[in-house]
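Let me begin by presenting the structure, written as structure tokens, before commenting on it.
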Amino acid sequence: MSALLAGRCGLVLGVSSKESVAFQAARQLQALGAEVAVSLRPRRHALAPELTELSLWPVELDARDEGSVAAAIDSVGRHFGRLDFLVHTLVHVPEGALQRPVTELGAAELADAMEVGVRSLLVCAKHALPWLERSPSPRIVTLLSGGADFAMPSYHLIGIVKAALASAVRYLAAELGPRGILCNAVNFSMLETDAARRVIGAERTAQTRQHLAKRALTRAPLDYDDVTRAIAFLVSPLCSNLTGEALQVDGGFSKSYF
Ligand SMILES: NC(=O)c1ccc[n+]([C@@H]2O[C@H](COP(=O)([O-])OP(=O)(O)OC[C@H]3O[C@@H](n4cnc5c(N)ncnc54)[C@H](OP(=O)(O)O)[C@@H]3O)[C@@H](O)[C@H]2O)c1
């Protein structure tokens with residue numbers, strides 16, 4: 001398996017800590033042979049030396065500042081000479097928004113969440129395009145969640161954002177398909193990341209994971225490898241003529257009626 005991504009290089013957007021999906025995905029892609037750059041927000045500056053030590057090349061960007069996105073992607077493109085893949089994991093949860101009724105969402109909160117969670121995929125794709133087009137098999141992957149398809153407690157705003165993101169993947173796939181760029185998503189149930197604990201609470205995260213495992217067809221809780229291996233497949237040349245798709249990684253939970 002170690003040769004799956006040999007000779008490939010790309011950028012994983014959205015490292016916030018070692019528990020973030022972006023960090024875990026970057027390590028997985030690296031273990032499978034890829035050279036990987038990662039993005040972090042300027043406020044996570046302190047993580048940069050550790051990432052460099054792990055040969056994950058860090059670049060800073062803020063999705064709300066298109067200039068910083070363009071500069072970061074351009075520096076990665078110039079560093080590698082091309083981009084074989086772009087993995088997008090960005091999401092923004094406005095403070096307190098999920099604790100209020102959905103009818104009380106403010107215009108600025110919705111706009112902010114859409115800007116970071118949806119438009120950033122399109123903006124990043126736009127700036128990555130010249131570098132992706134230099135790859136023999138360019139791939140874009142983003143992350144969805146069951147909250148886009150089903151109503152989940154304490155999740156409304158992000159469910160709305162993820163549903164829009166799912167649609168954005170299909171339109172991106174339609175536009176970039178003729179240029180040979182495949183755009184897909186991994187839609188997964190729940191990992192116990194820092195962010196999940198912060199956003200929905202540690203207790204509810206643990207309870208939800210227990211419930212998901214009990215109802216999954218596999219009866220097994222999701223782990224990082226389940227998700228990051230799916231990402232690895234979608235950024236690899238093994239994934240061919242497959243685009244606009246959302247790969248469901250949830251142990252079959254969403255296919256189980258009882
Ligand atoms: N954890 C789960 O169970 C689960 C389940 C299904 C789907 N997902 C999805 O998987 C992805 C990663 O999840 P995670 O748990 O690893 O969460 P996370 O660490 O919060 O990842 C989101 C990333 O987006 C970054 N971000 C937010 N605002 C930004 C901005 N303005 N500019 C640039 N970056 C910005 C965050 O940076 P800062 O933290 O530094 O602000 C963070 O690095 C998310 O899209 C999430 O919705 C997660």
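So the sequence shown is numbered by this note's numbering: it starts at 1 and just counts up by one.
In this text, a Cβ means the ideal position worked out from N, Cα and C, and glycines have one as well.
* Asked: Apart from the five residues on each side of it in sequence, which residues of its chain come closer than 7 Å, Cβ to Cβ, to residue 52?
  -> Leaving aside the five residues that flank residue 52 on each side, the residues in its chain whose CB is nearer than 7 Å to its CB run, in chain order, 58.
* To do: Examine ligand 1 and report whether any of its heavy atoms sits within less than 6 Å of the Cβ of residue 27.
  => no
* Asked: Would the beta-carbon of residue 38 fall within 7 Å of that of residue 15?
  -> yes
* Is it right to say residue 240 is buried, meaning 16 or more other beta carbons lie within 10 angstroms of its own, or is it exposed? -> exposed
* **Nearest neighbour of residue 122, chosen from 63, 202, 79, 110 [CA to CA]** => 63
* Roughly how far, in whole angstroms, is the beta-carbon of residue 242 from the beta-carbon of residue 182, given that I think they are within contact range, below 8 Å? -> 6 Å
* **Any 3 or more C-beta pairs closer than 8 Å across the stretch 97–105 and the stretch 67–83** => no
* **Euclidean distance between Cα positions of residue 245 and residue 258** => 26 Å
* Could you round the C-beta distance between residue 231 and residue 141 to whole angstroms and report it? I think they count as a contact, below 8 Å. => 6 Å
* Cβ of residue 193 within 7 Å of Cβ of residue 143? -> no
* **Check: residue 195 C-beta below 6 Å from any heavy atom of ligand 1** => yes
* Less than 6 Å between the CB of residue 143 and some heavy atom of ligand 1, yes or no? -> yes
* Three-state class that DSSP yields for residue 181 in the structure shown -> coil
* To do: Check whether the Cβ of residue 89 lies closer than 6 Å to any heavy atom of ligand 1, and answer yes or no.
  => yes
* Hey, out of 233, 254, 248, whose CA is closest to residue 5's CA? -> 233
* Check whether the stretch 214–228 touches the stretch 19–37, counting contact only when three or more Cβ pairs, one atom from each stretch, lie closer than 8 Å. => Yes, they touch.
* To do: Helix, strand or coil for residue 142, going by three-state DSSP, please let me know.
  => When secondary structure is reduced to three states using DSSP, residue 142 falls in the strand class.
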